[in-house]
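Undergrad: Residue numbers (this note's numbering): 56 to 366.
For glycine and all other residues, C-beta sits at the position ideal for the given N, C-alpha and C.
Quick one: structure below, then a few questions.
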């Protein structure tokens, strides 16, 4: 991870934002995402004039601005007011602006810069093993703080108990043998079988997860915090060879598999108290919680620099 005091935070999928403004709640804040030509824009979804949601407005393609639906004020990609049509005196524009945030697109995700402003920003993190793969994607909403969701998918030891009728059904022995490995920006947790690495989980800070089942079977998830009580989870199944209609089939498979498996986790992560694991100092962890311990270590480190939630 870069020495810059900050990091890229994937908040949504690129496919979420088309030709019209889109309102999304992320990190407890209401944002409007829109496109000015090829440029992706993210700003506060609130007009500074009378508080209307800008996401209900329209894009002016000629000017490259977003028009408020209430009184037609227009805002550029930098958040500055470009036009107040109900007033001929353009000096009014100087009094109005909307907070605009630094975002980029990479790997099919929308990334928000979380940290100090610098001229040169680090590259976004990525899972090296996924290069050259295609993917199908679906989104689910988990009823829990995003840190609890991340810990849940980094935990092998809950499989025979929470998922005994699905993915954990074949695990007769609940004892977990793990081998931990540090990787740039995160860690890997290898599931061992008679001294050999069987599969692994990879986590990259702040919210990227990979399950490596085999050379040709990979699953990922990005955990985008909606607020302190909900998390939007972008799940992907990856594949190499394609044929007509396979992308749609993989999207369907991603949706079905996540619904079947993840819904078993929802009541558990919803029940965990407190929500944010930063406040879970009273919990007593086991050696089999090694991935959870690794996550908490890196989360504690970077949350002190740039907390996701200000409240």
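#1: Between residue 29 and residue 60, what straight-line distance do the alpha-carbon atoms span, to the nearest angstrom?
#2: Assess, as a yes-or-no matter, whether the region 208-216 is touched by the region 80-95 under the definition of 3 or more beta carbon pairs within less than 8 Å.
#3: Roughly how far, in whole angstroms, is the beta-carbon of residue 192 from the beta-carbon of residue 291, given that I think they are within contact range, below 8 Å?
#4: At the level of alpha carbons, what is the spacing between residue 304 and residue 105?
#5: By alpha-carbon positions, which one of 250, 71, 95 and 198 ends up nearest to residue 326?
#6: Buried or exposed for residue 286, please, with buried defined as at least 16 other CB atoms from any protein chain shown within 10 angstroms of its CB.
#7: Which of the three DSSP states, helix, strand or coil, is assigned to residue 301?
#8: Please name the residue, chosen from 240, 136 and 246, that lies closest to residue 234 on a Cα-to-Cα basis.
#9: Please list, in chain order, all residues of the same chain as residue 306 whose beta carbon is under 7 Å from its beta carbon, the five residues on each side excluded.
#10: Could you spell out the range, first to last residue, of the alpha helix (DSSP H) harbouring residue 217?
#11: Only counting runs of 3 or more residues, tell me where the beta strand (DSSP E) segments fall wholly within the region 108-176, in order along the chain.
#12: Are residue 367 and residue 189 touching if we call contact CB-CB under 8 Å?
#13: Nearest to residue 319 by alpha carbon, out of 230, 204 and 331?
#14: Can the beta-carbon of residue 275 be found less than 8 Å from the beta-carbon of residue 268?
#15: Quick one: grab the DSSP three-state call for residue 352.
#16: With a threshold of 16 other CB atoms inside 10 Å of the CB of residue 346, please say whether the residue is buried or exposed.
#17: If you reduce the DSSP assignment to three classes, tell me which class residue 85 lands in.
#18: Need the endpoints of the alpha helix (DSSP H) that residue 206 sits in, please.
#19: Restricting to Cα atoms, I'd like to know which of 272, 113, 256 and 123 is closest to residue 73.
#20: Taking only three categories from DSSP, how would you classify residue 94?
#21: Going by DSSP in three states, residue 315 sits in which element: helix, strand or coil?
TA: With the given structure in hand:
#1: This structure does not reach residue 29, given that the chain is present from 56 up to 366, and the question cannot be answered.
#2: no
#3: 5 Å
#4: 45 Å
#5: 198
#6: buried
#7: helix
#8: 246
#9: 191, 192 and 193
#10: 214-217
#11: 113-115, 120-122, 136-138, 158-161 and 164-170
#12: No answer is possible for residue 367: it lies beyond the span of the chain, which begins at 56 and ends at 366.
#13: 204
#14: no
#15: helix
#16: buried
#17: strand
#18: 201-208
#19: 113
#20: strand
#21: helix
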